[in-house]
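Peer 1:
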Amino acid sequence: MRLRAETIFGSASSNAALRSDDVYIGYLPLAHSFEISAEAFFFVMGIPVGYSSPYTLTDKSTGIMGGCKGDATVLRPTIMTAVPLMADRIRKGVMEATKQKSKLAQEFFQFAMDYKLFWYRKGMNTPILNRLIFSKIRNMVGGRVRIMACGGAPLSPDTHDFIRMALDVQMLQAYGMTETAASATLMAMHDYSTGRVGAPLSKCYIKLVDWPEGNYHATDKPYPRGEIVIGGDCVSSGYFKNAELTNVSFKDEDDIRWFLTGDIGELYPDGTFKIIDRKNDLVKLQFGEYISLGKIEAELKTCPLVDNICVIGNGFHDYTIALIVPNLERMNALAKSLGKEDFPLSKLCQDPEIISAFSKAIVQQGQKSKLMRAEIPTKVKLVSEDWQPETGLVTAAFKIRRKYIQQFYKNCIDEMYSVDTSTNGTSKSA
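My numbering numbers the first residue of the sequence shown as 77 and each following residue consecutively.
1. If you follow the alpha helix (DSSP H) that I372 is part of, which residue opens it and which one closes it?
2. In angstroms, rounded to a whole number, what distance separates the CA positions of S89 and E320?
3. Using the Cα positions of F185 and R197, report the straight-line distance between them to the nearest angstrom.
4. Mind checking whether P428 and R406 have CB atoms under 9 Å apart?
5. Can you tell me whether Y292 is buried or exposed, with buried defined as 16 or more other CB within 10 angstroms of its CB?
6. Hey, quick one: how far does the alpha helix (DSSP H) through I431 stretch, first residue to last?
7. Answer with buried or exposed for A107, where buried requires no fewer than 16 other C-beta atoms within 10 angstroms of its C-beta.
8. Quick check on R95: buried or exposed, where buried means 16 or more other Cβ atoms within 10 Å of its Cβ?
9. Considering only C-alpha positions, which residue in the set T322, D98 and L358 is nearest to I367?
10. Does the pairing of the stretch 229-243 with the stretch 149-160 give three or more beta-carbon distances under 8 Å?
11. Alpha helix (DSSP H) containing K494: first to last residue?
12. Do three or more CB pairs link the stretch 252-262 to the stretch 271-278 at distances below 8 Å?
13. Measure from the alpha carbon of D394 to the alpha carbon of each residue in D244, I452 and I430, then state which is nearest.
14. For I123, which three-state DSSP category applies?
15. Just the Cα atoms here: how many angstroms apart are T467 and F117?
16. Please report how far the alpha carbon of R477 lies from the alpha carbon of K317, in whole angstroms.
17. With contact counted as at least three CB pairs below 8 Å, one residue from each stretch, are the stretch 205-219 and the stretch 140-154 in contact?
18. Would you kindly check if the distance between the Cβ of M156 and the Cβ of I239 is under 9 Å?
19. Expressed to the nearest angstrom, what Euclidean distance is found between the alpha-carbon atoms of V456 and Q482?
20. Suppose contacts are defined by Cβ-Cβ distances below 9 Å. Is L243 in contact with R214 by that definition?
21. Quick check on N91: buried or exposed, where buried means 16 or more other Cβ atoms within 10 Å of its Cβ?
22. Which stretch, first to last residue, makes up the beta strand (DSSP E) that contains A472?
23. Note down the Cα distance separating K177 from F434, rounded to an integer number of angstroms.
24. Looking only at its chain, what residues have a beta carbon closer than 8 Å to the beta carbon of W51, apart from the 5 residues adjacent to it on each side?
25. Is it the case that the stretch 341-351 contacts the stretch 132-142, given that we only count it when at least three CB pairs across the two stretches are under 8 Å?
26. Following the continuous beta strand (DSSP E) through D339, name the residue where it begins and the one where it ends.
27. Measure from the alpha carbon of M224 to the alpha carbon of each residue in E491, T154 and I438, then state which is nearest.
28. Would you mind giving the Cβ-Cβ distance between I361 and V387, rounded to the nearest angstrom? I have them listed as a contact below 8 Å.
29. Taking the straight line between their C-alpha atoms, what separation do you get for F169 and V99?
30. Which of the three DSSP states, helix, strand or coil, is assigned to S89?
31. Excluding the 5 residues flanking M77 on each side, which residues of the same chain have their C-beta closer than 6 Å to its C-beta?
32. How would you call Q426, buried or exposed, if buried means at least 16 neighbouring beta carbons within 10 angstroms?
33. Just to confirm, is the Cβ distance from F210 to A188 under 9 Å?
34. Taking the alpha carbon of D237 as the point to measure from, which residue in N323, V439 and I166 has its own alpha carbon closest?
If you want it as structure tokens, here you go:
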């Protein structure tokens, strides 16, 4: 574990040497292999580690009482990890606060974001804007964070750029899994792209294997595509007391242990990878059209009304549906605007006007994200349960567990599919 941690985070720090004043804040569960690898590395390097949780991380976190400080404000870390869900929440929180300002202030903030992004992509910084505008946002996580590593699920390019600009940090996407001892790839410090997950780490091999069913081939042009297969010392020996699954997912070839990830990757000329699909997330709708549920969820999760989402599709219907965990702050604001602020959450989740507003927001976000018509959910179901790791509906990295969600909400899903759907992209019933 120590060797693997040094490989991962040593790569991240190669162009940004660790400093004597560095502090790492750990708030993800230690069941998350990326988190335990990070902490192992920083312990080895003598970097202080402070502990938090998603409920107490910032001043606005749900576990922090009004007027009290969040853990990041007190600890003032310089390095932290993140999962896309957390990054999306930060973005939504900032945008929600911005909408409370005057129209002029909103327009100036958007100008500042666009201006900074323009110069950032040219390798330049904007110190005056950082001090006048973005320092207030940086203070949400203590004001000193300079490196943020993100992994565990797909990260929206818009959110990636937003976090980079608003927090003024190097946000590095990583890719890997527990079976590969956390990360297998990591972005370089000065990689200004979005959507990519970097190049393979030291002592880690990656190859692309054809997947004809999804029409992905290593000979594709302009970029090779295929299932990502990871090999090397980082690969696990197998699953504990599960020989059947081990034999399916792990292979030995040329004295190298290989793991079949099930993820579909695209290889760029500079040696970096982009995750473009997942075999288990790819479903064929009734008319034979393949869609990627994970890609749809990554885009729709950026909708301000959405805290988390699971999109569902199958070969018996020509449309998708969605289970949505609503953003409570935006839900309450919506309820107030409709004169329903006294309704409990369970009742709001079943209210036709609320559901209609969510349906319209999902369609608008889907169109904004340039999703195909068949990819935009036609029906939505709002759920009052908070998807946390302890519920079994999401992983320690807050990645949805599709199979368990579909089992948990089976009756809701069956009911949504049992009602005829209109053809204009909105729901007749939910």
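Ideal placement from N, C-alpha and C gives every residue a C-beta, glycine not left out.
Peer 2: Per the coordinate set shown:
1. Note, I372: alpha helix (DSSP H), L369 to L376.
2. With a pLDDT of 48 at S89, under the threshold of 50, the modelled position of this residue cannot be trusted; read the value that follows with caution. Rounded to whole angstroms, S89 to E320 spans 39 Å at the Cα level.
3. Computed Cα separation, rounded: 18 Å.
4. Going by C-beta atoms, P428 is not nearer than 9 Å to R406.
5. Its Cβ being crowded by 16 or more others within 10 Å, Y292 is buried.
6. Boundaries of the alpha helix (DSSP H) harbouring I431: P428 to K444, taken from the DSSP string.
7. A107 is exposed by the Cβ-count criterion.
8. Result: exposed.
9. Checked all of T322, D98 and L358; the closest Cα to I367 is L358.
10. The answer is yes - the stretch 149-160 touches the stretch 229-243, with three or more Cβ pairs under 8 Å.
11. For the record, residue 494 in the displayed sequence is Ser; it is not Lys. It spans K486 to S494 - the alpha helix (DSSP H) in which S494 sits, taken as one unbroken run.
12. As far as the Cβ criterion goes, the stretch 252-262 touches the stretch 271-278, which means the pair count is three or higher.
13. Of the residues D244, I452 and I430, the one whose Cα lies closest to the Cα of D394 is I452.
14. Here I123 sits in coil by DSSP.
15. Rounded to the nearest angstrom, the gap between the Cα atoms of T467 and F117 is 30 Å.
16. Rounded to whole angstroms, R477 to K317 spans 22 Å at the Cα level.
17. Contact between the stretch 205-219 and the stretch 140-154 is present: 3 or more CB-CB pairs across the two stretches fall below 8 Å.
18. No, the pair does not count as a contact, with Cβ atoms beyond the cut-off.
19. If you draw a straight line from the Cα of V456 to the Cα of Q482, it comes to about 14 Å.
20. Closer than 9 Å, so yes.
21. Its pLDDT being 45, under 50, N91 is placed unreliably by the model, and the measurement read from it follows with that caveat. Taking all protein chains in view, the Cβ of N91 is surrounded by fewer than 16 other Cβ atoms within 10 Å, so the residue is classified as exposed.
22. No beta strand (DSSP E) contains A472, which DSSP labels as neither H nor E.
23. Computed Cα separation, rounded: 24 Å.
24. Nothing about residue 51 can be read from this structure; the chain reaches only from 77 to 506.
25. Touching, no, given that fewer than three Cβ pairs across the two stretches are closer than 8 Å.
26. DSSP places D339 inside the beta strand (DSSP E), whose first and last residues are I332 to L343.
27. Closest by alpha carbon: T154.
28. Looking at the sequence provided, one finds Leu at residue 361 rather than Ile. Contact flag wrong, Cβ pair sits at about 12 Å.
29. The sequence given here places Gly at residue 169; Phe does not occur at that position. Their backbone Cα atoms lie some 24 Å apart in a straight line.
30. Confidence in S89 is poor, its pLDDT being 48 and thus under 50, which makes the residue's placement unreliable; the coordinate value appears in the next sentence. DSSP places S89 in helix when its eight states are reduced to three.
31. Summary for M77: the model assigns pLDDT 48, below 50, so the residue's position carries little reliability, and this model does not support an answer.
32. It counts as exposed.
33. Going by C-beta atoms, F210 is nearer than 9 Å to A188.
34. For D237, the nearest C-alpha among the options comes from I166.
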